[in-house]
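Residue numbers for the sequence shown follow the numbering used here, beginning at 4 and rising by one. Where a beta carbon is used, it is the ideal one built from N, C-alpha and C, also for glycine. Each remark here refers to the structure printed beneath this line.
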Amino acid sequence: MGRKGRGADGGGDPRADIGRWIAHRRNTELVLILFAVLICAAGHATAGLALYDAVPSGLPAYAAGLGGAALAAHLAVRRFARHADPLILPVTVMLSGLGLILMDRLDHSYALRYGSEPVAANQATWTVIGIGLLVATLLVLRHHRLLARYTYVGMAISLLLLMAPAFFGADMYGAKRWINLGPLSLQPGEFVKVMIVVFFASYLMANRDALALVGRRFLGLALPRGRNAGPVLLVWGVSLVVLFYERDLGTSLIFFGVFIVMLYIATERTSWVVLGGLMAVGGTVLVAATQPHVKGRVQAWLDPMAIYLPPEQRPPGLISDQSAQALFSFGTGGLTGTGLGQGHPDLIGFAGRSDFILSTVGEELGLAGVTAVIFLYVLLIERALRTALSVTDPFGKLLAAGLGTVIALQVFVVAGGVTGLIPLTGKALPFLAQGGSSTVANFLLVALLIRISDSAGKASTEPEGNATILTPVIRVDDDPASPARPASPGTAPKEPRER
4 MGRKGRGADG GGDPRADIGR WIAHRRNTEL VLILFAVLIC AAGHATAGLA
54 LYDAVPSGLP AYAAGLGGAA LAAHLAVRRF ARHADPLILP VTVMLSGLGL
104 ILMDRLDHSY ALRYGSEPVA ANQATWTVIG IGLLVATLLV LRHHRLLARY
154 TYVGMAISLL LLMAPAFFGA DMYGAKRWIN LGPLSLQPGE FVKVMIVVFF
204 ASYLMANRDA LALVGRRFLG LALPRGRNAG PVLLVWGVSL VVLFYERDLG
254 TSLIFFGVFI VMLYIATERT SWVVLGGLMA VGGTVLVAAT QPHVKGRVQA
304 WLDPMAIYLP PEQRPPGLIS DQSAQALFSF GTGGLTGTGL GQGHPDLIGF
354 AGRSDFILST VGEELGLAGV TAVIFLYVLL IERALRTALS VTDPFGKLLA
404 AGLGTVIALQ VFVVAGGVTG LIPLTGKALP FLAQGGSSTV ANFLLVALLI
454 RISDSAGKAS TEPEGNATIL TPVIRVDDDP ASPARPASPG TAPKEPRER
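Structure below.
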């Protein structure tokens, strides 16, 4: 239903119109969540029939757990963010449910081939923890502008977390992006990607006028002033440190890419994008020439099939067939896939649970399944950008756009790496792949998006910011020629804006 009230012409109660609009959004969200849970339950049953020739015994627990956690998140949104976008949470639930199906399905294959321990139960636990953090964030953070108070504290913590793996990190799969805390392994970079966006939004809001100033022109391109390039050089330097010492190509690309995109949004200067792109390519080439791990990823990207050559003919640094196996998986899946539980994702190794999980989707659900998954991510990114357009304050606009950019870049570097568009980065798809740190951090990101969209919804229905009723115009019935006037001074009627 539309949001425009009828109070201005005396045809209805504006408060009732707004209440119906809010109820419609929340009811739409609830229906979509239930639909997502049903689809995921059907997928889990289908995979079980293929693997065990029977419906999985854990299907009721899976459906009840996913549905209960999603319902708790919905009730929190209904109570603490009732103006929020109705699509963000259902898309998140759908991706999380599909991820749990894939984890359970991969557990079966990995147990048969490698004798490995199952991880689906752990991933379900992290999903519940992430939803709990989402609820807590909505409860504690009543407005996104409160985050601007902790800009530099957040920046300091972000830099410490970002650099910590270089000194205290554990070397796993050629990269140092984990910190071991007893039995747990933490990826600080997953939380940094959220915290650093808050800092970038606050910094660019305060300095965008200076950063938008034009210096010289080169080849028709308006270059920024040299004195304003300092922040870009600093972020570029930190990205190179992460790439060189931690060998974490994905985090460094996301870290630097988010800053450049947000800088362009704040200043509308194409020169920043060109300069940032050149610096990103130059830094990657420099590190690839000096770091064997990064060089091996580049070699696997340039010629993945060279792994099947005799050892003396292989390019130096090429030691894994995962990129080639991923391409075989997509080819095997074809248009509609082999069916859930009927592929061979275990041939890729344990990376099939993380950065190669999209190849599992491609093999068992085909091009149609990959397209559906990418569409869900695109829909989530679109809602973030729509929120950025709708919210009224500059900090909220930059924050929502930055969070959407984080999702977009992460999906791009993962999907691009698996399909051979760019070198592999080692990052995992949000919500879909295994990883406690990634899951919890991404639910925090979604919570912030919901909070910002709630502020945008309030602004569209309550222009005065804290008014809850749109004061209707009272016409003087005994004088038809009299103009309309408000009921009291300073309370001129304003209708909710159409989006």
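If you draw a straight line from the alpha carbon of leucine 330 to that of valine 364, how long is it in whole angstroms? 12 Å
Buried versus exposed call for valine 241 [16 or more other C-beta atoms within 10 Å across all chains shown]: buried
Could you round the C-beta distance between threonine 390 and glycine 369 to whole angstroms and report it? I think they count as a contact, below 8 Å. With a Cβ gap of about 32 Å, threonine 390 and glycine 369 do not count as contacting.
Test item: CB-CB of alanine 459 and valine 394 under 8 Å: yes
Bridge partners - asparagine 183, DSSP secondary structure assignment: Ser188
Below 8 Å, can you find three or more Cβ-Cβ pairs linking the segment 260-269 to the segment 395-413? yes
Cutoff 7 Å; reference valine 276; Cβ partners in own chain excluding five residues on either side: Ile263 and Tyr267
State the DSSP-derived secondary structure class of proline 436, mapped to helix, strand or coil. Checking the sequence shown, residue 436 turns out to be alanine, not proline. Looking at alanine 436 - three-state DSSP - the assignment turns out to be coil, as it is neither helix nor strand.
When you compare only the Cα positions, how much space is there between arginine 9 and tyrosine 153? Any answer about arginine 9 is weak, because its pLDDT of 45 lies below 50 and its placement is not dependable; what the coordinates show is given next. Rounded to whole angstroms, arginine 9 to tyrosine 153 spans 41 Å at the Cα level.
Separation of alanine 431 from glycine 61, as counted between CA atoms: 26 Å
How would you label phenylalanine 38, buried or exposed, when you count the other beta carbons within 10 angstroms and need 16 or more for buried? exposed
Closest to valine 409 by C-alpha separation, out of Ala53, Asn445 and Gln302, would be which residue? Asn445
When the Cβ atoms of the segment 184-197 are set against those of the segment 135-147, are three or more pairs found closer than 8 Å? no
For glycine 46 versus leucine 382, is the C-beta spacing smaller than 8 Å? no
N- and C-terminal bounds of the alpha helix (DSSP H) containing methionine 308: Taken as a continuous stretch (DSSP letters only), methionine 308 belongs to no alpha helix (DSSP H), as it is neither H nor E.
Distance between threonine 341 and leucine 150 (C-alpha atoms, nearest Å): 47 Å
With DSSP run on the structure shown, which of helix, strand or coil describes leucine 90? coil
Mark phenylalanine 504 as exposed unless 16 or more other C-beta atoms lie within 10 angstroms of its C-beta, in which case mark it buried. For the chain, the structure presents residues 4 to 502; residue 504 sits outside this window and is missing.
Use the C-beta contact count for tyrosine 65: other C-beta atoms within 10 angstroms, 16 or more gives buried, fewer gives exposed. buried
For aspartate 358 versus valine 414, is the C-beta spacing smaller than 8 Å? no
Among Ser205, Ile134 and Pro426, the one whose alpha carbon lies nearest that of threonine 287: Pro426
Buried or exposed: where does aspartate 212 fall if 16 or more other Cβ atoms within 10 Å of its Cβ makes it buried? exposed
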